[in-house]
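All the letters of the sequence shown, read from the start, carry residue numbers 1 to 72 under UniProt numbering.
Glycine included, every Cβ here is placed at the ideal spot set by N, Cα and C.
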Amino acid sequence: MGAEDVSFPELSGAVWKKSSRSGNSGGNCVEVAGDLPGVVGVRDSKNAAGPVLVLRSDVWSAFLGAVKSGVL
């Protein structure tokens, strides 16, 4: 994939969610926007205006599967 194949989703309307397991223990959490077409956004909950990691939805699913199964 070359740079010409990369497009960036519009994030201003994204719905960001934080796990209920995060609690209120100092804000060391990530927020996830899963309502974007074909991609998932991940950001630091302490810095909502900061950088966003954007992953294809299938890559995010594979990552979550690896975490849940104990591979990661």
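{"Item": "For ASP44 and GLY50, which I take to be in contact (beta-carbon distance under 8 Å), what is that distance rounded to the nearest angstrom?", "Value": "6 Å"}
{"Item": "If ALA14 sits next to GLY41, beta carbons under 8 Å apart, how far is it from one beta carbon to the other, in whole angstroms?", "Value": "6 Å"}
{"Item": "Can you tell me which of the three DSSP states ALA66 falls into?", "Value": "helix"}
{"Item": "Near CYS29, which residues of its chain fall below 6 Å by C-beta distance, leaving aside the five closest residues on each side in sequence?", "Value": "LYS18, SER22 and SER45"}
{"Item": "I'd like the ranges of any beta strand (DSSP E) spanning at least 3 consecutive residues and lying wholly in the UniProt domain \"DUF397\" (14-68).", "Value": "30-36, 39-44 and 53-56"}
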